[in-house]
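Our numbering runs 565 ahead of the 1-based position in the sequence shown. Virtual Cβ for every residue (Gly too), placed ideally from N, Cα, C.
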Amino acid sequence: MIVVGSGARHLRGEIERICGKLASVEIKKFPDGEKYVRVLSSGNEVTVVQSTYKPQDENIVEALILGDALRERGFKRLRLLVPYLAYSRQDRVTHEGEPVSVRAVLKALGIYYDELYVVDVHNPETLRFFPGKAVNVSPAKAIATYFKEKLGEGIVLAPDRGARTRAKAVARRLGLGHSHFEKHRVSPTEVEIRPVDIDVEGKNVLIVDDIISTGGTIMKATSILRRMGAERIFVGVTHGVFADGAIERVSKVVDELAVTNTIPTPVSRINIVPDLLGLRG
566 MIVVGSGARH
576 LRGEIERICG
586 KLASVEIKKF
596 PDGEKYVRVL
606 SSGNEVTVVQ
616 STYKPQDENI
626 VEALILGDAL
636 RERGFKRLRL
646 LVPYLAYSRQ
656 DRVTHEGEPV
666 SVRAVLKALG
676 IYYDELYVVD
686 VHNPETLRFF
696 PGKAVNVSPA
706 KAIATYFKEK
716 LGEGIVLAPD
726 RGARTRAKAV
736 ARRLGLGHSH
746 FEKHRVSPTE
756 VEIRPVDIDV
766 EGKNVLIVDD
776 IISTGGTIMK
786 ATSILRRMGA
796 ERIFVGVTHG
806 VFADGAIERV
816 SKVVDELAVT
826 NTIPTPVSRI
836 NIVPDLLGLR
846 G
């Protein structure tokens with residue numbers, strides 16, 4: 566039995582296509598803006614699909630009260646599928662007095678849910694804060710499948726050292742080489758970034774990352790790759806958290822920009838739903 570929350574309504578049609586009829590749930594707002602939830606279906610186990618992108622706080626609260634309503638209705642085992650997890654980048658204290666926000670969110674969700682599946686969480690280590698079973702669902706298969714014919718015998722690159730694991734996973738699916746960009750200080754005031762130990766001249770390149778916001782890093786990497794003689798440059802990112810104008814800016818300098826449909830955007834061309842419902846880690 567599957568419940569689709571408000572944050573995942575853009576995926577409802579695809580979920581219904583794969584799974585058939587969904588559980589009957591009423592979700593609306595009171596006049597003061599608070600959420601109202603009523604579960605009409607009954608059962609023992611249930612899967613809730615709820616993304617926590619805009620409005621982040623509202624969708625997190627909805628996931629919590631959905632969990633409470635399902636427990637009240639008699640469901641014994643609850644599984645939560647989160648296409649995009651808000652607060653995932655707030656995973657450490659940098660100034661005294663700050664919270665580890667992702668820890669607070671995961672602990673709260675753990676009050677109601679026994680299992681948690683998140684698509685490409687920013688730092689997979691943070692899933693340890695969830696008290697039950699927690700799985701990071703990789704988008705590597707979906708991204709590789711989408712770009713396979715376009716990329717050909719190309720190269721997969723990560724924009725920085727932190728994204729190497731993602732690039733490696735996609736490259737392995739494609740049977741291609743991979744690398745990443747590293748920063749090199751050439752003077753006290755100048756920093757240069759270049760791909761590590763790889764030749765891109767005359768080759769197609771796929772840049773892979775988990776989140777794209779302003780697109781500044783991708784645009785800088787693209788400029789360097791063009792100067793190094795790269796042929797076609799593609800960008801495949803999991804979560805399209807785009808600042809105003811970012812889609813247009815990035816699209817002008819690359820051959821194609823595509824993100825998964827964890828967040829609805831004009832370039833959400835990569836379907837992650839089959840892997841999310843298949844619960845592939």
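Contact between the stretch 733-741 and the stretch 718-725: three or more CB pairs below 8 Å?
yes
Short Cβ contact (8 Å threshold) for L722 with I772:
In the sequence shown, residue 722 corresponds to position 157, counting from 1. In the sequence shown, residue 772 corresponds to position 207, counting from 1. Taking 8 Å as the Cβ cut-off, L722 and I772 qualify as a contacting pair.
With the cut-off set at 8 Å, would you say G794 and V765 are in Cβ contact?
If you number the sequence shown from 1, residue 794 lands on position 229. If you number the sequence shown from 1, residue 765 lands on position 200. Closer than 8 Å, so yes.
Would you say V735 and I763 are within 8 Å of each other, going by their C-beta atoms?
Residue numbering aside, residue 735 sits at position 170 when the sequence shown is read from its first letter. Residue numbering aside, residue 763 sits at position 198 when the sequence shown is read from its first letter. Not closer than 8 Å, so no.
Near G780, which residues of its chain fall below 6 Å by C-beta distance, leaving aside the five closest residues on each side in sequence?
Taking the sequence shown and counting its residues from 1, one reaches residue 780 at position 215. The answer, listed in chain order, is A811, R814 and V815.
How would you write the range of the alpha helix (DSSP H) that D762 sits in, first residue to last?
The count along the sequence shown starts at 1 and reaches residue 762 at position 197. It is not in any alpha helix (DSSP H) - D762 carries neither H nor E in the DSSP assignment.
In whole angstroms, what is the alpha-carbon distance linking H660 and G608?
Within the sequence shown, residue 660 is the residue found at index 95, counting from 1. Within the sequence shown, residue 608 is the residue found at index 43, counting from 1. If you take the alpha carbons of H660 and G608, they lie about 46 Å apart.
Cutting at 7 Å between CB atoms, please list the residues of its own chain near K594, excluding the five before and the five after it.
Translated into positions along the sequence shown, residue 594 becomes position 29. Taken in chain order, the residues that qualify are K600 and Y601.
For S833, which three-state DSSP category applies?
By 1-based counting over the sequence shown, the position of residue 833 is 268. Three-state result, S833: strand.
Find the nearest neighbour of D775 within the set K785, H687, Y682 and E637, judged by alpha-carbon distance.
Numbered from its first residue, the sequence shown carries residue 775 at position 210. Residue H687 is the option with its Cα nearest to D775.
Using the rule of at least 16 other Cβ atoms within 10 Å of the residue's Cβ for burial, across every protein chain shown, is G767 buried or exposed?
Counting from one through the sequence shown, the residue named residue 767 turns up at place 202. Flag for G767 reads exposed.
Mapping the DSSP letters down to three states, classify N701 as helix, strand or coil.
Position 136 of the sequence shown, counted from the first residue, corresponds to residue 701. Strand.
So, helix, strand or coil for L771, using DSSP?
Numbered from 1 along the sequence shown, position 206 holds the residue referred to as residue 771. Three-state DSSP puts L771 in a strand.
State the CB to CB distance for the pair E796 and N769, rounded to an integer number of angstroms; the pair is presumed to be in contact (CB under 8 Å).
Translated into positions along the sequence shown, residue 796 becomes position 231. Translated into positions along the sequence shown, residue 769 becomes position 204. Their Cβ separation, rounded to whole angstroms, is 5 Å, which keeps E796 and N769 in contact under 8 Å.
Can you find at least 3 beta carbon pairs, one from the stretch 632-645 and one from the stretch 605-624, that sit closer than 8 Å?
yes
Can you name the residues that DSSP bridges to S744?
One-based indexing of the sequence shown puts residue 744 at position 179. According to DSSP, which records beta bridges pairwise, S744 is partnered with L722.
What is the DSSP secondary structure of G846, counted as helix, strand or coil?
Numbered from 1 along the sequence shown, position 281 holds the residue referred to as residue 846. Note that G846 scores 47 on pLDDT, short of 50, meaning its location in the model is unreliable and no value can be drawn from it.
Check each candidate in R577, L681, G598 and I583 and name the one with the smallest Cα separation from S589.
By 1-based counting over the sequence shown, the position of residue 589 is 24. Across the set R577, L681, G598 and I583, the C-alpha of R577 shows the shortest separation from the C-alpha of S589.
Tell me H804's beta-bridge partners as DSSP assigns them.
By one-based count along the sequence shown, residue 804 stands at place 239. For H804, which the question treats as bridged, DSSP gives the partners I776.
Count the other CB atoms within 10 Å of the CB of P704; is the residue buried (16 or more) or exposed (fewer)?
Position 139 of the sequence shown, counting from 1, holds the residue named residue 704. Classification for P704: buried.
By a C-beta neighbour count over all protein chains shown, 10 Å radius and 16 as the cutoff for buried, is V761 buried or exposed?
To locate residue 761, count along the sequence shown from 1; it is residue 196. The residue is exposed, with fewer than 16 neighbouring Cβ atoms inside 10 Å.
Classify E813 as helix, strand or coil using the three-state DSSP reduction.
Stepping through the sequence shown from its first residue, residue 813 is reached at position 248. Helix, per DSSP.
E821 - DSSP class collapsed to helix/strand/coil
Numbered from its first residue, the sequence shown carries residue 821 at position 256. Reduced to three states, the DSSP call for E821 is strand.
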